[in-house]
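Below is one structure, written out as structure tokens; the observations come after it.
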Amino acid sequence: MKKISLLIALTVCSHNASAAIQLMATRVVYNANNSSATLPIQNQSNSDYLVQTWLEDPNGGTTSIPIQVVPPILKLSAGKSASLRFIYSGKSLPDNQESLYWVNIQEIPPASKEENVLQVAVHSRLKLFFRPNSLKTTLAEQAEKLEWAKSGNQLRIKNNGPMYISLDSLHAGIKNINLDMIPPHGEKTINLGSSNIGNTVSYGYINDFGGVTEIKNHPLN
Numbered sequence: 164m165k166k167i168s169l170l171i172a173l174t175v176c177s178h179n180a181s182a183a184i185q186l187m188a189t190r191v192v193y194n195a196n197n198s199s200a201t202l203p204i205q206n207q208s209n210s211d212y213l214v215q216t217w218l219e220d221p222n223g224g225t226t227s228i229p230i231q232v233v234p235p236i237l238k239l240s241a242g243k244s245a246s247l248r249f250i251y252s253g254k255s256l257p258d259n260q261e262s263l264y265w266v267n268i269q270e271i272p273p274a275s276k277e278e279n280v281l282q283v284a285v286h287s288r289l290k291l292f293f294r295p296n297s298l299k300t301t302l303a304e305q306a307e308k309l310e311w312a313k314s315g316n317q318l319r320i321k322n323n324g325p326m327y328i329s330l331d332s333l334h335a336g337i338k339n340i341n342l343d344m345i346p347p348h349g350e351k352t353i354n355l356g357s358s359n360i361g362n363t364v365s366y367g368y369i370n371d372f373g374g375v376t377e378i379k380n381h382p383l384n
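The sequence shown maps to residues 164 to 384 in this note's numbering.
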């Protein structure tokens, strides 16, 4: 019988229960006063896997990135752990705000010894934030300083600070909204529809450890 092996790549942006290679964090925060940053990974399968890694800029480009991830490819034995290391060359990135990159981890399973096997190779992505030394603030402080303003049936969120703020939840009686990351000196507008909100909002943001920190009763402008 002819052997057929089909490999399918599945892209995810967070941990995935079907992935053999598990990422032990949901984001990488690279403080510039450190010589490098790390991301622990673990092979939770019973087979040896190859792991390929690379960085992308926010537009999906892979050239002219002054941060290197090492190793770019490694073999990770069954049940073993390793750490990816990120090294900044010291050039090109602004020193007055964070820079954002995407970390890509592509698992490559071993060739199957079975016939007619469907193999799934999970491609995971997570964010890397490069934080310059000159930022004399914290993510918690900047999340508190978000400006919220209501105008008609719209809610505007303005980030006047130098950090990326990833909103996780908004408690204002608004349903089916798409909360996302607000870049440094950026803003986002939410359509309130027929929702009736008061003079304050409560919201959650994703902190440096990947957890959610809640901010209660923030005033609306």
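Every residue, glycine too, gets a C-beta built ideally from N, C-alpha and C.
Asked, Found
"The beta strand (DSSP E) enclosing Gln317, as first and last residue numbers", "317-321"
"Buried or exposed by the 16-neighbour rule on C-beta atoms within 10 Å, applied to Asn296", "exposed"
"Span of the alpha helix (DSSP H) around Glu270", "No alpha helix (DSSP H) contains Glu270, which is instead part of the beta strand (DSSP E) from 262-271."
"Reduced DSSP category for Ala306 - H, G, I as helix; E, B as strand; rest coil", "helix"
"Candidates His381, Leu239, Lys238, Ile369: closest to Ile360 by CA position", "His381"
"Three CB pairs or more closer than 8 Å across the segment 317-331 and the segment 342-353", "yes"
"Beta-ladder partner(s) of Asn259, from DSSP", "Answer by DSSP bridge pairing: none, since Asn259 is not bridged."
"Contact under 8 Å by Cβ, Asn206 with Ile184", "yes"
"For Ser275 and Gln317, the rounded distance between their alpha carbons", "54 Å"
"Distance between beta carbons of Leu289 and Val192, contact taken as under 8 Å", "That pair is no contact at about 11 Å."
"Helix, strand or coil at His334 according to DSSP, with G and I counted as helix", "strand"
"Candidates Gly367, Ile230, Lys243, of which the one nearest Leu213 by Cα", "Lys243"
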